Ligand code: NA
Ligand code: NA
């Protein structure tokens, strides 16, 4: 009954952290536990060295966003891929993916790039529905690329090597890119004219944007080589972005830096308060021994790893409908990890499957942040946005099945499983 | 009778299936049987309730009522007991047993005065260095990222005395830290290293033990005081035999683990050149620093010294 | 009218202080990280407690940031029916919703205060500075409550202005 009340409040637009907080307080009372325990858990946000990386990467992302990285990225990918059949669609997907990784997959992509890419697609005579669906779903693709916050968070919670996770996410991201591009080729704009490829434009665009593009490469390189820890790498990234935009590109003045910090702090704040309270809720689940009982129950019901993966996908899709990605990672991972280990599933593979599942959750109502952001950004009813994303949802589901049942796609570097 | 049923929620870092958890499980079953179901234990193993300081916070707010703690946790309750972990103080387990027998009443009342009832003393094994890298000589340790349990002032004093700069982390972050290179060297026991899966990340080990890690099974005073007298007695009685079993099992399995690791790891050569006299002097320095800060009790430390001298001269 | 103006002034002042805290925390994070990378790799020395402060700074960015997000109404929320687009709905729901949110935050402040009191009591004297850094928890939850209260008063006023 109370759960229903909280769901209704969430649907009416109450901030999610308030709903989570109220739920956690109520559950504490029902379990006769001191609500101070929620804060004991919240304070653990300051215990994990990897979590330090998140605010710093967000700062880097905000700096790049303010400093014109979206424009430079669009220009570069346009010069690189614009000549291809349905080139602008490829450009849109590539840009969305890279920017989503920068901006922490919080839906910011739609706000930052929608204004650039949507008109571009429409100018090239792509159907409006196609453009809307592409950008809305593009806002979650790239979730597996470095330095995505979702991957960092999974690594922190599951205690999996973050560098290994990022390497594991490369091939799946590439496959998704190919799948969406292929769909655009078939369904997008057959009539859209193709651009001529121009070396000098590519060179100019690369000159303007190489420093931005170096970032994901540097992050994955640094992590894979193990020179720096994740948090150190995040600090370097933030400094790099600040130097790049204030001294090299000179697109950000000192006053604008305050604005950048404001943007970063509000984003970090709105994510971490949800995270902290999710930790409190998780502690209540542990107190009720839910993970242990779940393990026993699943061990009794499910016999094969394949069967387990199938049920896990279904459960995660349901979770993705109901929860935002950050609380979902915190709450779901500790429940699934022991089960997955029992069935011999590699924690890196598990991470890719969980994240791919939750990536889809961005597009599934009722809790599908990207649907609402796109509806706000493009002034379209949520239902229309949802209908436009349906084909892309289908592609994502096929992709999810591929990732789930072909572990080698994620584990080719980690040595099988 | 619901009113007469007591549930002890009990946390430990020891994972399911480890030497310690097996003993705790048997203990829980014994409590349930002998109390005819009036006292049951719910276990939260494998660090699922967080680091030891987190467990103690949860005991403070009464989410948990008991825990199995290692030296770090004991240091948050009754730090002077950690004199028993002083590096290079004891030569063998017999010395430890003899000395501890002499000071056990002080430890018991130390716990009681700090809101805990000590049910069973235990050990976590012999402490060694484990590293992801080889060690040519001791000086290289200054450049190592040595894990220090966050908030552990005891180990900090010893690392400082040696001039090493540690990386402070909760124990729950060590496994990730070893994978990402945030730490490259840990101080741990063979048994714990295997149980916590650190051993797979650390192909180098110091062959000589430094000390024997202590541990304790505790319940909060509040929980203990709320029990009827017969259940209090039951906890105490089962605790005594649990302690014997835990110490014996740990010593046996730790030795076994050492054998396994000796085969699968390379020795940290630097430790072969260790100067015992110098190390003992450094330990003494760290102990007096800790005494000055009121972490260790000078009076108790003297008693330990006396008891040890007596034991060594065979007059105990 | 005086009350409203005071509320507006207060919201603005709080926002500035919170932004200042977050800015300083970001700067501290960058400085501490760089100092640690250089110190550890080149000179084999570290700032004592530097890594602990660095991790506390996560709270010092996030919690003021969360307060800022209330003032800017940028907390993650759902609204599938796009109710926020209807002025009349907003007019009638803003005060009760913000008051309810403030109430939840008051309860959380209370919990955070109890937590902090425990830390103050049980933290070792040497590390008590860490507890003082942790004061941000009850303070920030209090600020969140205050921001929601101000929103309850100002939501419709700002609309009109
Ligand atoms: Na963790
Ligand atoms: Na969803």
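Chains as they are written, first to last, in my numbering: chain A, 6 to 422; chain B, 572 to 887; chain C, 167 to 327.
All residues carry an ideal CB built from backbone N, CA and C; glycine is no exception.
As the structure is a computational prediction, the values presented were derived from the model and not from experiment.
Under 7 Å from the C-beta of residue i: neighbouring residues of chain C
{"i": "residue 722(B)", "result": "293"}
{"i": "residue 329(A)", "result": "242"}
{"i": "residue 739(B)", "result": "217 and 218"}
Residues that residue i contacts on chain A, provided the C-beta gap is smaller than 9 Å
{"i": "residue 204(C)", "result": "Those do not exist, as residue 204(C) stays about 11 Å from chain A at its closest Cβ, beyond 9 Å."}
{"i": "residue 619(B)", "result": "291, 296, 297 and 339"}
{"i": "residue 230(C)", "result": "270 and 274"}
Segment limits, beta strand (DSSP E) that includes residue i
{"i": "residue 691(B)", "result": "687–702"}
{"i": "residue 637(B)", "result": "637–641"}
{"i": "residue 782(B)", "result": "782–791"}
{"i": "residue 131(A)", "result": "Element bounds for residue 131(A): n/a, residue is neither H nor E."}
{"i": "residue 719(B)", "result": "718–720"}
{"i": "residue 613(B)", "result": "610–615"}
{"i": "residue 301(C)", "result": "First-last for residue 301(C): undefined, no H or E at that position."}
{"i": "residue 57(A)", "result": "No beta strand (DSSP E) holds residue 57(A); DSSP gives it neither H nor E."}
{"i": "residue 738(B)", "result": "738–740"}
Listed by chain order, chain A residues near residue i by CB distance under 8 Å
{"i": "residue 746(B)", "result": "164"}
{"i": "residue 792(B)", "result": "Those within 8 Å of residue 792(B) in chain A number zero; the least Cβ separation is about 17 Å."}
Residue burial classification, residue i (beta-carbon count within 10 angstroms, cutoff 16)
{"i": "residue 164(A)", "result": "buried"}
{"i": "residue 421(A)", "result": "The pLDDT assigned to residue 421(A) is 43, lower than 50, so where the model puts this residue is not dependable; a value taken from the coordinates is nonetheless given after this. So residue 421(A) ends up on the exposed side."}
{"i": "residue 684(B)", "result": "exposed"}
{"i": "residue 182(C)", "result": "exposed"}
{"i": "residue 209(C)", "result": "exposed"}
{"i": "residue 178(C)", "result": "exposed"}
{"i": "residue 67(A)", "result": "buried"}
{"i": "residue 411(A)", "result": "exposed"}
{"i": "residue 326(C)", "result": "Residue placement at residue 326(C) is flagged as unreliable, the pLDDT there being 48, under the threshold of 50; the coordinate-derived value follows with that caveat. Exposed, since its Cβ has fewer than 16 Cβ neighbours within 10 Å."}
{"i": "residue 222(C)", "result": "buried"}
{"i": "residue 573(B)", "result": "At residue 573(B) the pLDDT is 49, less than 50, meaning the model places this residue with poor confidence; the figure from the coordinates comes in the next sentence. It is exposed - the Cβ of residue 573(B) has fewer than 16 other Cβ atoms within 10 Å."}
{"i": "residue 600(B)", "result": "exposed"}
{"i": "residue 625(B)", "result": "buried"}
{"i": "residue 199(A)", "result": "exposed"}
{"i": "residue 139(A)", "result": "buried"}
Delimiting residues of the alpha helix (DSSP H) encompassing residue i
{"i": "residue 729(B)", "result": "724–732"}
{"i": "residue 425(A)", "result": "Any question about residue 425(A) goes unanswered here, given that chain A covers just 6 to 422."}
{"i": "residue 270(C)", "result": "253–288"}
{"i": "residue 595(B)", "result": "590–605"}
{"i": "residue 377(A)", "result": "374–382"}
{"i": "residue 15(A)", "result": "7–16"}
{"i": "residue 245(A)", "result": "235–248"}
{"i": "residue 629(B)", "result": "623–631"}
Neighbouring residues, chain B, relative to residue i (Cβ below 9 Å)
{"i": "residue 286(C)", "result": "What residue 286(C) touches in chain B: nothing, since even the nearest Cβ is about 12 Å away."}
Presumed contact (8 Å Cβ cut-off) between residue i and residue j, rounded CB distance
{"i": "residue 682(B)", "j": "residue 757(B)", "result": "With 8 Å as the limit, residue 682(B) and residue 757(B) do not qualify as a contact, their Cβ atoms being about 27 Å apart."}
{"i": "residue 19(A)", "j": "residue 267(C)", "result": "7 Å"}
{"i": "residue 618(B)", "j": "residue 743(B)", "result": "5 Å"}
{"i": "residue 738(B)", "j": "residue 753(B)", "result": "6 Å"}
{"i": "residue 300(C)", "j": "residue 285(C)", "result": "6 Å"}
{"i": "residue 818(B)", "j": "residue 694(B)", "result": "5 Å"}
{"i": "residue 638(B)", "j": "residue 581(B)", "result": "6 Å"}
Chain-ordered neighbours of residue i on chain C, where CB pairs are closer than 9 Å
{"i": "residue 840(B)", "result": "The contacting residues do not exist; residue 840(B) stays about 20 Å from chain C at best."}
{"i": "residue 263(A)", "result": "185 and 189"}
Cross-chain neighbours of residue i in chain B, by beta carbon under 8 Å
{"i": "residue 299(C)", "result": "Within 8 Å Cβ-Cβ: nothing; residue 299(C) doesn't reach chain B, min ~14 Å."}
{"i": "residue 251(A)", "result": "None at all; the shortest Cβ gap to chain B is about 30 Å."}
{"i": "residue 210(C)", "result": "713, 714 and 736"}
Cross-chain neighbours of residue i in chain B, by beta carbon under 7 Å
{"i": "residue 276(C)", "result": "None at all; the shortest Cβ gap to chain B is about 13 Å."}
Exercise for the section: Decide if the stretch 359–372 of chain A is in contact with the stretch 88–103 of chain A; the criterion is three or more beta carbon pairs, one per stretch, under 8 Å apart. Expected result: no
Practice task
Could you say if the stretch 625–640 of chain B and the stretch 652–660 of chain B meet the contact criterion of at least three C-beta pairs nearer than 8 Å?
Solution key: no
Handout entry: the stretch 748–768 of chain B touching the stretch 242–256 of chain A, judged by at least three CB pairs closer than 8 Å
Key = Touching, no, given that fewer than three Cβ pairs across the two stretches are closer than 8 Å.
Handout entry: Meets three-Cβ-pair contact criterion under 8 Å: the stretch 118–128 of chain A and the stretch 362–374 of chain A
Key = no
Exercise for the section: Say whether the stretch 279–287 of chain A touches the stretch 24–40 of chain A, bearing in mind that this needs 3 or more beta-carbon pairs closer than 8 Å, one atom from each stretch. Expected result: yes
Practice task
Decide if the stretch 71–87 of chain A is in contact with the stretch 255–268 of chain A; the criterion is three or more beta carbon pairs, one per stretch, under 8 Å apart.
Solution key: yes
Exercise for the section: For the stretch 164–181 of chain A and the stretch 35–42 of chain A, state whether three or more C-beta atom pairs, one from each stretch, are separated by less than 8 Å. Expected result: Short answer: they don't touch.
Exercise for the section: Specify whether the stretch 721–731 of chain B and the stretch 839–847 of chain B touch according to this definition: at least 3 beta carbon pairs, one from each stretch, less than 8 Å apart. Expected result: no
Exercise for the section: Specify whether the stretch 217–236 of chain A and the stretch 144–153 of chain A touch according to this definition: at least 3 beta carbon pairs, one from each stretch, less than 8 Å apart. Expected result: Output reads yes: the stretch 144–153 of chain A touches the stretch 217–236 of chain A.
Practice task
Examine the Cβ distances between the stretch 76–93 of chain A and the stretch 44–63 of chain A and report whether three or more of them are shorter than 8 Å.
Solution key: Here the stretch 76–93 of chain A makes no contact with the stretch 44–63 of chain A; the two share fewer than three CB pairs at distances below 8 Å.
Practice task
State whether the stretch 727–737 of chain B contacts the stretch 700–716 of chain B, with contact taken as three or more CB pairs (one from each stretch) at a distance under 8 Å.
Solution key: yes
Problem - Stretch pair the stretch 305–321 of chain C + the stretch 229–240 of chain C: three plus CB contacts closer than 8 Å - result: yes
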